[in-house]
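Novice:
Numbering (this note's numbering), first residue to last: 792 to 954.
Here you go:
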């Protein structure tokens, strides 16, 4: 009888340890899941033309030292309006705790619309995807990001959904 209680306690302890390990693995997996961040952006670029604006939506995702930005919105240049839909790939590297440096990647060939390149380049410059200025991503516990230079933010957004 004592031997049966010993085995029963041993089995119970084994099951409890096994359940704890599974629980910790699930928590670790949830913490490392990639989240998608979305933000509405509005840029006015006065150095080009007082009427140049981009009013759009940014979808942001990153994992395994690479990511992409999906831009969609309306570009207004003077009296002309254009609609943009473009994905831009990038690489990044850790540059301290909660800080990542953007390394410009390739523009994915799925741009829609008849927008002249000279009207899209300023958006790439502002977002730091052209490589002309260093852009950083600042994050805390992967709950939110601030995307910008060391002196000023370009966009701020909160992660919204797990993949």
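Glycine included, each C-beta is placed from N, C-alpha and C at the ideal position. A quick note: this is a predicted structure, and the numbers were derived from the prediction, not measured.
1) Sorted by chain position, which residues of the same chain lie with C-beta nearer than 7 Å to residue 882's C-beta, five sequence neighbours on each side aside?
2) Is the beta carbon of residue 936 less than 8 Å from the beta carbon of residue 906?
3) So who's on the other strand from residue 852, going by DSSP bridges?
4) In angstroms, rounded to a whole number, what distance separates the CA positions of residue 892 and residue 815?
5) Report back the beta-carbon spacing between residue 805 and residue 948 to the nearest angstrom; my notes put them in contact at under 8 Å.
6) Would residue 912 pass as a contact of residue 924 if the rule is Cβ separation under 8 Å?
7) Verify whether the separation of the beta carbon atoms of residue 832 and residue 847 is less than 8 Å.
8) Spatial neighbours of residue 917 within its chain, please: C-beta separation below 7 Å, excluding the five flanking residues on both sides.
Specialist: Taking the geometry as given:
1) For the purposes of this step, residue 882 is identified with residue 91 of the chain shown, where counting begins at 1. So the qualifying residues of the chain are 856, 857, 894, 896.
2) Working through the chain shown from its first residue, we reach residue 936 at position 145. Working through the chain shown from its first residue, we reach residue 906 at position 115. Cβ distance not < 8 Å, so residue 936 and residue 906 don't count as in contact.
3) Here residue 852 refers to the residue found at position 61 when the chain shown is read from its first residue. DSSP lists 827, 859 as partners of residue 852.
4) Taking the chain shown and counting its residues from 1, one reaches residue 892 at position 101. Taking the chain shown and counting its residues from 1, one reaches residue 815 at position 24. Going by the C-alpha atoms only, they are around 31 Å apart.
5) The residue you call residue 805 lines up with position 14 of the chain shown. The residue you call residue 948 lines up with position 157 of the chain shown. Contact doesn't hold; Cβ gap of about 45 Å is too wide.
6) Taking the chain shown and counting its residues from 1, the one referred to as residue 912 is at position 121. Taking the chain shown and counting its residues from 1, the one referred to as residue 924 is at position 133. No; because the gap between Cβ atoms is not below 8 Å, this pair is not in contact.
7) Taking the first residue of the chain shown as 1, we reach residue 832 at position 41. Taking the first residue of the chain shown as 1, we reach residue 847 at position 56. It is a contact, given that the beta carbons lie within the stated cut-off.
8) What you label residue 917 is simply residue 126 of the chain shown in a count that begins at 1. Result list for residue 917: 834, 945, in chain order.
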